Every structure is written in C-alpha cells, then in structure tokens.
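Data block below; observations after.
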Amino acid sequence: MTRRGRLRSACLAGVALLTVAAITGCSAGPEGLRPISPEGRSVRNLFVLLLVLSALAICGVAAVLAYVLIRYRGRGERGEPGGGGEHPKVQIAWTVAPLLLFAALTVLLVRTIDDVDHPVAASGLRVEVIGHQWWWEFRYPDLDVVTANELYVSVGRPMRLDLTGGDVIHSFWVPQFGWKMDAIPGRTTHLSVTVDQAGTYLGACTEFCGAEHAGMLIRVVAEPADQFDAWVQAQQQPAATPQSDVAQSGQNLFLSSTCVNCHSIRGTAANGTVAPDLTHFGSRTTLGAGVVANTPDHLRTWIADAGSIKPAVLMPSYDFTPDQLDALVAYLESLK
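If you read the sequence shown in our numbering, its first letter stands for residue 1, the second for the next number, and so on.
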C-alpha cells in the first residue's frame, strides 16, 4: 500500500472509532445521554450530531495537514514557493463549506429550542419548584398537594415546572430530563418535560448555593397515571390520626414544641412555612433532601442532632429524652 493509501486508511479508521464511541456513549454512557423524555432526546440528538461532526472535522483537518506535510516536505529547503494564492477553488471551498455547516447547525439548534421550550396544555401537570437552603419544595397548585425533595410525575402527561429560588440561586438538574434550569429568587423560569418511562430518577442542585449544596438532592418518581392519581388522592388528605398512645404523645410533643414554627402538618395547628411540609412525611423515602434513608434510627438522630448528618443544616438540635424521641419518631413515621 502506498503512503497515501496508508494515510487515508488511518484517517478512516479514526473517524470510525470516534463515531462508534459517540454512538455507544448514548446507550452506555452518562445518564444525560439516556433521556426519558422527547425533549431530552432532542437535546441528546443535537449533542451527538455535534460530537460526530466535530470528530469528522478534526479528522479531516488532520488528514489534510498530514498529507501536506508528507507530500510537500522538504520543498522549503529547495527554495520552491508554496504560496496560498495559487488555488482559489480550494480557498473558496474552505470558506463556503463551514458557512453551510454553521447555517445547517443553526437551523437544527432553533428546532431543538422549539422542541424543548414549548407551552404545556391546560391539561398538563403544573408544579411549582422552590429551591431552599438546602432542600426542594414541590407544590402542585392545581391538585392542592405540597411535598418536599421527592417529585412525583405521571408518565406520558406533559408537565411544566415553574422554578424560583427561596433564598439564593439554585439550579434544578435531573440528568435524564436532558437539561437543567436555574431557580432564581424573585424570578420564575420554566422547564417543560413529558416523562415517558416509569422509574425513579435522581438529580441535584448544580449551582453552588452554600455549605450543603452537595446535600440538596432530587428524587423523581415517574408512575403510570393510575398510580399517580392514587398518590395525589393520598397526598390531598389531612395528616393521619395517631393510632397508638406513643404516637399520640409524639403529636402532643410536636405541637407544643418550636417545631410548629417551621413545619406544617395539614389538619393540625402546625402551619410553619420555612421548612418542609410534614403532612405525609412517613411516605417519603429519604431524609435531609436525600442525604440518608428515612428510617426510624436516622430520624431519631436527625431530630436530636441534624447537624451530625448534614453539618450546615439550618434545623437546630433538640435536647429531648429518649422516650420523647421515640414518641416523635413514632408519630412522624405514622404520617403516611
């Protein structure tokens, strides 16, 4: 094989490897390359196209550069002119080709923006997302539901998230949604998405918002319509009535302590608004915005000294006796 043939084969092999890497990355790579919504797939497809075109452009430039270096090596030493004005067709081609490529990419970019940033019909699910230091509040204004850190969605139903910041700038990012959106105090931003795959998906805040920024996690639970409707009906109910003397003691202690200044429990005198709503706390799977699992042992530690689990958390420590802690845990875990 000639030198030129070997060079051509090497470039083709490089292009093939980069293309395969890009394609396989979509199926086995990061979660952002495995979107669960049409909007996310539009973003992913544009990214992959840009990645492949960039790889082809790099290989093309490298091939031309290698060809010129090999084909015309040594000519400068013999005093032969190399000039750039000898091939006007080549110069025109190098100018027009990138312009056409950028024009095509601009059209694709505008189409992707249109796919992602679209209005949601009145029948869609509307959720108000408020970022706090350091937890997420989710309000479903059309369903009269308020929860924290765990976002429940209905598979196949268009959804619009209205995001704002309760204190500082946060950024809402669930990788498998396909993109992220900032939550800014005094301003509402929007994220439209239709989740089409049931499952549990994890996210986080991606805008540094203070000491516990890394402990501000998101859990998205996508359920079929019937299961989501059942969840909504359960969430719309007031807090469960204590069924045991221990749980009743826990409720009495909760309502007589400073807990009511921050937390709200529907159907009781607790109506605080600066901390998560606890009406159905027992049905949540995590504590501290996803830092630990919601278990009686973790909850006992959290009430006594939340800072030992999440050091900069704004919740104070409480000097309850072991029996009081047991009663509070029994009551809060009963709030299904």
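We put the beta carbon where it would ideally sit given N, CA and C, even for glycine. Predicted model, so just to flag it, every value in this text is computed and none were measured.
Can the beta-carbon of residue i be found closer than 8 Å to that of residue j?
| i | j | result |
| --- | --- | --- |
| GLY272 | LEU328 | no |
| LEU161 | VAL127 | yes |
| SER171 | LYS180 | yes |
| ALA247 | ALA330 | yes |
| PRO337 | GLY199 | One cannot answer for residue 337 here, as it falls past the ends of the chain, which runs 1 to 336. |
| GLY282 | LYS336 | yes |
| VAL153 | PRO224 | no |
| THR301 | ASN294 | no |
| PRO158 | THR194 | yes |
| LEU325 | ILE218 | no |
| ALA275 | GLY215 | no |
| THR164 | PRO185 | yes |
| GLU212 | VAL116 | no |
| PRO242 | SER334 | yes |
| ASN149 | TRP134 | no |
| ASP196 | SER37 | yes |
| GLN227 | ASP144 | no |
| GLN221 | GLY203 | It should be pointed out that residue 221 corresponds to Val in this sequence rather than to Gln. Result no, Cβ atoms of VAL221 and GLY203 do not sit closer than 8 Å. |
| LEU46 | THR112 | yes |
| ASP229 | VAL146 | no |
| GLY166 | HIS190 | no |
| LEU108 | LEU49 | yes |
| HIS263 | ALA270 | yes |
| LEU299 | LEU332 | yes |
Under the DSSP definition of a beta bridge, which residues are partnered with residue i?
| i | result |
| --- | --- |
| SER154 | GLU223 |
| CYS205 | PHE172 |
| ASN271 | SER264 |
| LEU253 | Partner(s): none; LEU253 has no beta bridge. |
| GLY199 | ALA222 |
For the alpha helix (DSSP H) that contains residue i, what are its first and last residues?
| i | result |
| --- | --- |
| CYS59 | 38 to 71 |
| HIS298 | 296 to 305 |
| GLN237 | Here GLN237 belongs to no alpha helix (DSSP H), and DSSP marks it neither H nor E. |
In this structure, does DSSP put residue i in helix, strand or coil?
| i | result |
| --- | --- |
| TRP179 | coil |
| SER308 | helix |
| SER192 | strand |
| VAL291 | coil |
| GLY165 | strand |
| THR285 | coil |
| LEU217 | strand |
| GLU212 | coil |
| PHE228 | helix |
| VAL246 | helix |
| ASP319 | coil |
| THR279 | coil |
| LEU332 | helix |
| LEU314 | coil |
| PRO35 | coil |
| GLY79 | Low per-residue confidence applies at GLY79: pLDDT is 49, beneath 50, and the placement is therefore not dependable enough to give any value. |
| ALA28 | Residue confidence for ALA28 is low, a pLDDT of 39 falling below 50, so the modelled location carries little weight; the figure read from the coordinates is stated next. In this structure, ALA28 counts as helix in the three-state DSSP scheme. |
| PRO88 | helix |
| ASP326 | helix |
| ALA22 | For ALA22, the predicted model reports a pLDDT of 43, less than 50, meaning its position is unreliable; a value from the coordinates is still stated below. Reduced to three states, the DSSP call for ALA22 is helix. |
Item to complete: List in chain order: all unbroken beta strand (DSSP E) runs of 3+ residues lying wholly within the stretch 91 to 160.
Response: 125 to 132, 135 to 140, 145 to 148, 150 to 154
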